[in-house]
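Colleague: Below you will find the structure I want to go over with you.
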Amino acid sequence: MIYRHVNELADTNRVVSGPNYSSRRLIRRDDRMGYSLHDTIMQAGTENRFWHRHHMETVYCIRGEGEVETIRDGTRHSLNPGAVYALSQNEEYVVRAHTELQLLCVYYPALAGDEVEDENGSFSQFGEETVFVIGLNDFNREMLATIDMADHYNFVPLLNSRQILEQQKYEIQDIIQQAKKQIREHKGAVDGVIHYIDFPVSTIVPIICDAFDLASASLESVLKCEHKYWSRIEQRAVVPDNIPTFTAFNPFDEQALDRVLEVMDFPFWIKPVKSFSSYLGFRIDEASQFHEAMKEVRDNIGRFSGPFNYLLDMVTMPPEFDEIGGEYCIAESIIGGMQCTQEGFSCKGEVEVYGTVDSFREANLTTFSSYQYPTILPDEVQDRMTEITQKVVRRIGYDNAPFNIEYFWDREKDQIWLLEINTRISESHCRLFQKVDGRSHHQVAVELAAGRRPTFPHRQGKFEVSGKFFLREWEDAYVAQVPSEETVRRIEQEIIPDSTIQIVAEPGQRLSDLMDQDSYSYRVALLFLGGSSKQDLEKKRRQCEELLYQEFVFER
């Protein structure tokens, strides 16, 4: 609880004087309530003009007599004890104090506390909030520009892609220290840190935020989500009917397969307890596949296990599996059905889902072909998934941060399966929300980081449906040629307006040199499309793919 008394604020920096008034800042931005609360005394006989273009404002009159007038239409209202006015459209207005007025003012977003209105009656000069963005690039700058009040924020890059993306070795201690150093050297207040990247970023954000008293989920709760075996243990405690049979095993144990088969039969799925994008994930139908997969797992699991163990040592794990570190794998019985992802957040104990995205797979039932929004799942199924989401997130204690949770729905059995929990917004879904809802869900991450409960629009975008589509190659090859930038721009601007194409493959490389691919294919391009219907979306996908493959050249 925050407690303070207005009489205790004299001679502190919480008292700010402006033209004709004195404002006592009871609640400020650094209190992390999402709004600020000011007790303002306005001098008798004064006329005061305001235009709070960057803030929503509500004012309650406690004492005195006066009037408020909106400039645009000249409407006037009397001010006396009990009167309240709210600038719901950021109107320019005048307050006339016939006697001394005492006004209680609420501002959203919160003021830092030292602002004084400029010559236009606005707090624009000092109202900015600084949010550090890990791995900030052009794509995410574009998405951040779509959020509400984007001009209100100062987005500052934190760490660079060479440190946090597609590295064979992650120097986790150095990464954390470099991030802290960058923030300490920043001149001015820091209001939050956001990210949209899997390991190692997702697991270091709580450490960075804790060092600067910024809003974030706790490290323990993040690790409970990210350690796939620990996460299953927590899930089993509250939704046992919605998770598969599972067990942990050491891939360096020669009897590992025997230990797995004591718990489940073929077929099953294996993956490291810490991985992402299906990296080192394999479907196992027989013993030979298991032994072949173990060769690759043993050769590559150290890429994540060392850094992950460093983070696990920072928390106290339950004794029954505190030896199951980053070098372990998890085996799970096969689950399936229609796959989707619920995007949501937890804020001060309240768990909310704001969108569900469908995930479609290729014929091998493993590799993703597209993500499409909004979901085609029945409302009743979505509601049941949301109940599961709320139970699991609360059980884990994950709070004050965004998440996305992947599910399967087996239509024939009407069975919902929880696949995994990710402690971030999905970068893959940003354009999908922007096209359909009118904003990227970066908005959710930013508002949580700034200590506020997020608000997110619904169906205010240009399109009815949207999709991210993967162009893939299934065999290794030398990349001789990719579509030209001119071709890409022509498709995006003339042939399929409002589309976005990202060419992943690069000329002169082998597909097998691409980082962080799944175990069965190679992404060569990504397509982000919007449409008036599912049929329209599919038509655009086919057209785009045909045009791009006219210029791709792969040599086997």
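Each residue of the sequence shown is one higher than the one before, starting from 1230 at the first, in this note's numbering. In this text, a Cβ means the ideal position worked out from N, Cα and C, and glycines have one as well.
1. Taking only the alpha-carbon atoms, compute the straight-line gap between GLN1354 and MET1378 and give it to the nearest angstrom.
2. Please return the same chain residues whose Cβ sits closer than 7 angstroms to the Cβ of ALA1418, not counting the five positions on each side in sequence.
3. With DSSP collapsed to three states, give me the class of SER1265.
4. Which two residues bound the contiguous beta strand (DSSP E) that contains VAL1708?
5. I need the straight-line Cα distance from VAL1694 to LEU1647, nearest angstrom please.
6. Could you work out which residue in HIS1327, THR1618, ARG1292 is closest to CYS1454 when comparing CA atoms only?
7. Could you tell me the alpha carbon to alpha carbon distance between SER1246 and ALA1239, rounded to whole angstroms?
8. Could you tell me whether the Cβ atoms of SER1265 and ALA1339 are closer together than 7 angstroms?
9. With DSSP collapsed to three states, give me the class of TRP1703.
10. Under the DSSP definition of a beta bridge, which residues are partnered with LEU1174?
11. List the DSSP bridge partners of GLU1361.
12. Rounded to a whole number of angstroms, what is the C-alpha to C-alpha distance between VAL1288 and ARG1257?
13. Report all residues from its chain with a CB closer than 8 angstroms to the CB of GLU1237; omit the five preceding and five following residues, and keep chain order.
14. Where does VAL1235 land, buried or exposed, given buried means 16+ other C-beta within 10 angstroms?
15. Is the CB-CB distance between ALA1408 and ALA1630 below 7 angstroms?
16. Counting Cβ pairs closer than 8 angstroms, one from the region 1577-1588 and one from the region 1721-1736, do we hit at least three?
17. For THR1595, report the span of its beta strand (DSSP E) as first-last.
18. Looking only at its chain, what residues have a beta carbon closer than 8 angstroms to the beta carbon of SER1390, apart from the 5 residues adjacent to it on each side?
19. Around the C-beta of TRP1638, are 16 or more other C-beta atoms found within 10 angstroms, so that it is buried, or is it exposed?
20. Does VAL1580 come out as helix, strand or coil in the three-state DSSP assignment?
21. Give me the residue from HIS1267, ASP1470, PRO1480, ARG1254 with the minimum Cα distance to CYS1290.
22. In this structure, does DSSP put PRO1536 in helix, strand or coil?
23. Which of the three DSSP states is assigned to ALA1374 in this structure?
24. Evaluate ILE1559 with the Cβ neighbour count: other Cβ atoms within 10 Å of its Cβ, from every protein chain shown; 16 or more gives buried, anything less gives exposed.
25. List the residues that DSSP assigns as beta-bridge partners of PRO1501.
26. Can you tell which of ASP1542, GLN1318, ASP1727 has the C-alpha that lies nearest to the C-alpha of LYS1178?
27. So what's GLN1407 in DSSP terms, helix, strand or just coil?
Modeller: Quick look at the numbers:
1. The residue given as residue 1354 occupies position 125 in the sequence shown. The residue given as residue 1378 occupies position 149 in the sequence shown. Only weak support is given to the placement of GLN1354: the predicted model assigns it a pLDDT of 47, under 50, and the value that follows is read from those uncertain coordinates. Those two C-alpha atoms are separated by around 15 angstroms.
2. Residue mapping note: residue 1418 aligns to position 189 of the sequence shown, counting from 1. ALA1341, THR1359.
3. Counting from 1 along the sequence shown, the entry for residue 1265 is found at position 36. The answer is strand: DSSP assigns SER1265 an E or B state.
4. Taking the first residue of the sequence shown as position 1, residue 1708 is located at position 479. It spans 1707-1710 - the beta strand (DSSP E) in which VAL1708 sits, taken as one unbroken run.
5. In the sequence shown, the residue the question calls residue 1694 occupies position 465. In the sequence shown, the residue the question calls residue 1647 occupies position 418. One C-alpha to the other measures close to 25 angstroms.
6. One-based indexing of the sequence shown puts residue 1454 at position 225. Measuring from the Cα of CYS1454, the nearest candidate turns out to be THR1618.
7. As a working note, residue 1246 is residue 17 in the sequence shown. As a working note, residue 1239 is residue 10 in the sequence shown. So the two alpha carbons sit approximately 12 angstroms from each other.
8. Mapped onto the sequence shown, residue 1265 falls at position 36. Mapped onto the sequence shown, residue 1339 falls at position 110. Yes, the pair counts as a contact, with Cβ atoms nearer than the cut-off.
9. Stepping through the sequence shown from its first residue, residue 1703 is reached at position 474. Coil, per DSSP.
10. The requested residue 1174 is not part of the displayed model; the chain covers only 1230 to 1785.
11. Counting from 1 along the sequence shown, the entry for residue 1361 is found at position 132. Correcting the residue identity first, residue 1361 is Phe in this sequence and not Glu. VAL1385, VAL1422.
12. Mapped onto the sequence shown, residue 1288 falls at position 59. Mapped onto the sequence shown, residue 1257 falls at position 28. Taking the straight line from one Cα to the other gives about 16 angstroms.
13. Position 8 of the sequence shown holds residue 1237. Correct list: empty, nothing qualifies.
14. Here residue 1235 refers to the residue found at position 6 when the sequence shown is read from its first residue. Label assigned to VAL1235: exposed.
15. Position 179 of the sequence shown, counted from the first residue, corresponds to residue 1408. Position 401 of the sequence shown, counted from the first residue, corresponds to residue 1630. Cβ distance not < 7 angstroms, so ALA1408 and ALA1630 don't count as in contact.
16. no
17. Along the sequence shown, read from residue 1 onward, the residue named residue 1595 stands at position 366. Where THR1595 is concerned, there is no enclosing beta strand (DSSP E), given that its DSSP letter is neither H nor E.
18. Taking the first residue of the sequence shown as position 1, residue 1390 is located at position 161. So the list reads GLY1364, ASN1366, once near-sequence residues are dropped.
19. Translated into the one-based positions of the sequence shown, residue 1638 becomes position 409. Buried, since its Cβ has 16 or more Cβ neighbours within 10 Å.
20. In the sequence shown, residue 1580 corresponds to position 351, counting from 1. Strand at VAL1580.
21. Here residue 1290 is taken as the residue at index 61 of the sequence shown, counted from 1. Selected option, being the one with the closest Cα: HIS1267.
22. One-based indexing of the sequence shown puts residue 1536 at position 307. Three-state result, PRO1536: helix.
23. Counting from one through the sequence shown, the residue named residue 1374 turns up at place 145. In the structure shown, ALA1374 sits in coil (DSSP, three-state: anything other than H, G, I, E or B).
24. If you number the sequence shown from 1, residue 1559 lands on position 330. Under this definition ILE1559 is a buried residue.
25. Position 272 of the sequence shown holds residue 1501. Per DSSP, CYS1558.
26. This structure gives no information on residue 1178, because the portion of the chain shown stretches from 1230 to 1785.
27. The sequence position of residue 1407 within the sequence shown is 178, counting from 1. GLN1407: helix per DSSP, three-state reduction.
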